[in-house]
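In the numbering used here, the protein residues as written are 43 to 133.
For every residue, glycine included, the Cβ atom is placed at its ideal position computed from N, Cα and C.
Reviewing the structure listed below.
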Amino acid sequence: LYTDMGGYDDDFNHKYDKSRMDLVPKSDLLQYAGGDTDAAYRVYASMRSDLLDNRRLAVFYSKLLKPASVAFQWMEEVGVEVDVPYLQSLE
């Protein structure tokens, strides 16, 4: 929707198993990672103007979406304690 980069990683996806990125040669990984970075930047540039033009969207992003993404990043890094017996009781 925001870039014309669709399919830039098709060759990479056919060549490598993404569950074993540690086996990908750095020369191929650099092109793949660079493509992801480029695509993310292009989406940011496009969406930023949309965000700044719409106050409700800006408030949603700054008050809910960004703080939630920080919380999810923290959870991914440090983990989450799960009450297994309670979880099993919900089944």
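Where does residue i land, buried or exposed, given buried means 16+ other C-beta within 10 angstroms?
i: Y83; result: exposed
i: Y86; result: exposed
i: Y169; result: Residue 169 is absent from the structure shown; the chain starts at 43 and stops at 133.
Specify, as a first and last residue, the run of the alpha helix (DSSP H) that residue i falls within.
i: T45; result: First-last for T45: undefined, no H or E at that position.
i: M89; result: K68 to D95
i: V112; result: K108 to V120
Whose C-beta lies closer than 6 Å to the C-beta of residue i among residues of the same chain, with five residues either side of it excluded?
i: V66; result: Y58
i: Y50; result: G77
Does residue i come within less than 8 Å of chain D when only Cβ atoms are used?
i: L99; result: Any reference to chain D falls outside this structure, which holds one protein chain only.
Near residue i, what residues of its chain come up, given a Cβ to Cβ distance below 7 Å and the 5 sequence neighbours on each side ignored?
i: L93; result: L99, A100 and Y103
Sufficient close CB pairs (3 or more, under 8 Å) joining the segment 66-83 to the segment 43-51 = The segment 66-83 is in contact with the segment 43-51.
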